[in-house]
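Residue numbers (our numbering): 9 to 162.
We put the beta carbon where it would ideally sit given N, CA and C, even for glycine.
Owing to the predicted nature of the structure, the values given are computational and were not obtained by experimental measurement.
First comes the structure, then the notes that go with it.
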């Protein structure tokens, strides 16, 4: 497969991920603050558990850790696109991580820490396939991560 086709597929995967996580973020923001982490985690793991979507997500994760271009795409996605999509649903155009932090009333680094928890779990579960995290149910993983993510996001 050519580099151009791979790049195009990664772009489509980022769009899929961004749209779905943006929707999950929007739904979580629209719900009660006490359930914010759960809503975000359910949205994220619904994607990762989808056998049609997971290979695309693994491709972008692989690119992010193996190339500067892939890492830059992930930085742009995590810093801009994800929040912009979530912001649209609450009437904030062009929302970024700092505006999201202001909305949550937490430091922006807390949002990074929450993302780090999720990406770490994703890496161990779907890439490294480390037991027992690789074989627990998504629901068990959500319940495990939920209190920590909720603490980060207030």
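- DSSP places residue 138 outside both helix and strand once states are collapsed to three, so it counts as coil.
- Sequence-distant Cβ neighbours of residue 142 in its own chain, meaning closer than 6 angstroms and more than five residues away, are 133.
- Under the Cβ criterion (8 angstroms, minimum of three pairs), the region 144-162 counts as touching the region 49-66.
- Fully enclosed alpha helix (DSSP H) runs of no fewer than 4 residues occupy 62-74, 76-84, 90-97 and 105-112 of the region 54-125, in order along the chain.
- Contact between residue 103 and residue 92 is confirmed by a C-beta separation of about 6 angstroms, below the 8 angstroms threshold.
- Rounded to whole angstroms, the separation of the alpha carbons of residue 125 and residue 45 is 11 angstroms.
- Non-local C-beta neighbours of residue 138 in its own chain, meaning closer than 8 angstroms and more than five positions away in sequence, comprise 132, ordered along the chain.
- Secondary structure at residue 144: coil, using DSSP grouped into helix, strand and coil.
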